[in-house]
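Chains as they are written, first to last, in my numbering: chain A, 1 to 243; chain B, 1001 to 1215.
Here it is, written out as C-alpha cells:
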C-alpha cells in the first residue's frame, strides 16, 4: 500500500480559508478582548502544526474585525506559517451586518476560486447587532461558498444574541457558549481545530486514502460533517467570574 | 450634562430601535459605555420602571420624571442622586432637554455621589422618609443641621416638622410649618416626624420626603 502512486502524480493542495470574525465593540473592552487576543495568538502554533499534517490543504488565515463599521485586519489571506496576530482593541457599536457584507464580498467567485476546501468562519461576539444584519447575512448564506462554509460562533457572556449567532451558524450546537475567560479560551481552541477537521478526509476509510482523489466540495451538495462530540461542555468549565 | 450623557444623546440616532428591545438596549449601552457599568445599570433600572413610555407620553414629562425618580429611590434602593442622574439622562436621550436641565438643578448639595456612598460618613441611612412616620437621629438619619425636602409641593396646606426626645405624641407638638423645605437642628437620639396638614382633604401626589445633612 505504501508504494501506491496517485493517478496523475502529486495531489495539488487546495486553499482552505480560515477567517476569524471578531466583535471589537465597546462591550468587549477589557478582559474579553484581552482573552480573545491571548487565546487566538496561542492557537497559531497548533494550527500550523495541524496544517503540516494535511499537505492537500493550504491553510490561509485572516481576521475581520467589526465594531462601528468593519475592516480586514490582514488585507489578504496569509498562510498559517506566516500568520501573526495583531492585538485588537475594543470600542464602538456592533455593526455585524457590515461584517457579513465584507465576508460575502470575499466569499464570492472571484476572489474565491471554485476549487477550494470549504472555508471556516469563526464569529466571536458578546452583543447584539446594532445595524441591519439580516440582508447581508442572507446574501452571505446564499453564496455557494457561504452556504458550504463551516460556520462556528462563540457567544461571549450573557448579553450575546444567540438567535442571531444561530442564524449565522445554521445550527444551535455550533453556537459555543463562553461565559468566562476559561470557557472562552477553550472554545477558541476548539474552533481553531475546525480547520484540521475540514481538511482531513475523515469520512473515507483510511486504506482508500491513497487511491481516491478527494471530491471537490464545491461540486457536491453533501454537507460537511463536523465532529461535535468533543466540543467543550461549558458546564464543566470552572465558573470563575461570569460575564 | 456630563460626558456620559453627551455620549447617550447619540443613542437614538445610532440605534433607533434600541428603545423597543430591552436586550438590545443593554447591549448597545454596554457598547457605548464599556467602562461605566454602574451607569448602565441605573439606566436599565429606569427603563424597567417604564421611563421611556412615561417620559415620551403626552402628559407632563416633568411630573413623570419626578415620579420616576421617587420610584427608583423607593423600589430599587437607589440614592436620590443616582435616580436623578438616571432620569435626567433618559431625558437627554429622549431629547427632553428642558426637563433634563431642570432635573440637573435638583442635584443634592451634599457630597453624596451616585454610587450611594456618602464621602463624609460611612453610616448608611434611609434614602426616603414617609410622612407621618417617626424616625430616630443617628439610626435612620444623621444628627446635625438638616434640610428637610418634601418630594412634592403642597398645593393646599403645609407640613410641620416636629423634633422631640420621645417618640410619643410627636403629632401633638407645636412643629415648624413649611411648604417645600425647612432647616432643623437635631441631636443624636432625637426623634423626628413630618405631618401634612392638607386643607379640605386635598389630594397630595407625594407621600415621602428626604433629609439632607447640611452641617
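All residues carry an ideal CB built from backbone N, CA and C; glycine is no exception.
Query                                                                                                                                : Result
Backbone secondary structure at residue 1206 of chain B - three-state DSSP                                                           : coil
Exposed unless 16 or more other CB atoms sit within 10 angstroms - verdict on residue 1063 of chain B                                : exposed
Residue 169 of chain A - containing alpha helix (DSSP H), residue span                                                               : 162 to 169
Range of the contiguous beta strand (DSSP E) that encloses residue 31 of chain A                                                     : It is not in any beta strand (DSSP E) - residue 31 of chain A instead sits in the alpha helix (DSSP H) that spans 31 to 52.
Residues that residue 1177 of chain B bridges to, as DSSP identifies them                                                            : B:1160
Span separating the alpha-carbon of residue 93 of chain A from that of residue 160 of chain A                                        : 13 Å
Within-8 Å CB hit, residue 1039 of chain B to chain A                                                                                : no
Any C-beta of chain A under 8 Å from that of residue 1073 of chain B                                                                 : no
Which listed residue (B:1050, B:1057, B:1040) has its alpha carbon closest to that of residue 1082 of chain B                        : B:1040
8 Å Cβ cutoff met for residue 1208 of chain B and residue 1170 of chain B                                                            : no
Where residue 232 of chain A sits in the DSSP three-state scheme                                                                     : coil
For residue 97 of chain A, the three-state DSSP class (helix, strand or coil)                                                        : helix
Rounded separation between residue 194 of chain A and residue 1038 of chain B - CA only                                              : 39 Å
Residues that residue 1149 of chain B bridges to, as DSSP identifies them                                                            : B:1181, B:1210
Nonlocal neighbours in the same chain, by C-beta distance under 7 Å from residue 1088 of chain B, ignoring five residues either side : 1100, 1103, 1104
Below-8 Å beta-carbon distance, residue 185 of chain A vs any chain B residue                                                        : no
Residue 1034 of chain B: contacting residues in chain A (beta-carbon distance under 9 Å)                                             : 25, 26, 27, 28, 29, 30, 90, 91
Residue interval of the beta strand (DSSP E) (run including residue 62 of chain A)                                                   : 57 to 67
Contacting residues, own chain, Cβ-Cβ under 7 Å from residue 146 of chain A (five flanking each side not counted)                    : 104, 107, 140
CA-to-CA distance, residue 1210 of chain B to residue 1147 of chain B, given in whole angstroms                                      : 8 Å
Positions along the region 113 to 138 of chain A whose CB lies within less than 9 Å of some CB in chain B                            : 126, 127, 128, 129, 130, 131
Within chain C, partners of residue 1024 of chain B - CB distance below 7 Å                                                          : The structure shown contains no chain C; its protein chains are A and B.
Residue environment, residue 148 of chain A, which counts as buried when at least 16 other CB atoms sit within 10 Å                  : buried
Backbone secondary structure at residue 151 of chain A - three-state DSSP                                                            : strand
Residue-level contact to chain B via CB, residue 43 of chain A, 8 Å cutoff                                                           : no
Supposed close pair residue 70 of chain A, residue 99 of chain A - CB separation, criterion 8 Å                                      : 4 Å
Among B:1098, B:1007, B:1052, B:1072, nearest to residue 1042 of chain B - alpha-carbon criterion                                    : B:1072
Delimiting residues of the alpha helix (DSSP H) encompassing residue 1194 of chain B                                                 : Note, residue 1194 of chain B: premise wrong, no alpha helix (DSSP H); beta strand (DSSP E) at 1191 to 1197.
Buried or exposed by the 16-neighbour rule on C-beta atoms within 10 Å, applied to residue 53 of chain A                             : exposed
Contact list for residue 1013 of chain B against chain A, beta-carbon separation under 8 Å                                           : Chain A residues near residue 1013 of chain B: none, gap ~11 Å exceeds 8 Å.
Where residue 1048 of chain B meets chain A, residues with beta-carbon distance less than 9 Å                                        : Within 9 Å Cβ-Cβ: nothing; residue 1048 of chain B doesn't reach chain A, min ~15 Å.
Where residue 1134 of chain B falls: helix, strand or coil (DSSP)                                                                    : strand
Collapsed DSSP secondary structure at residue 1057 of chain B in the structure displayed                                             : coil
Residue 118 of chain A to residue 174 of chain A span [Cα, whole Å]                                                                  : 16 Å
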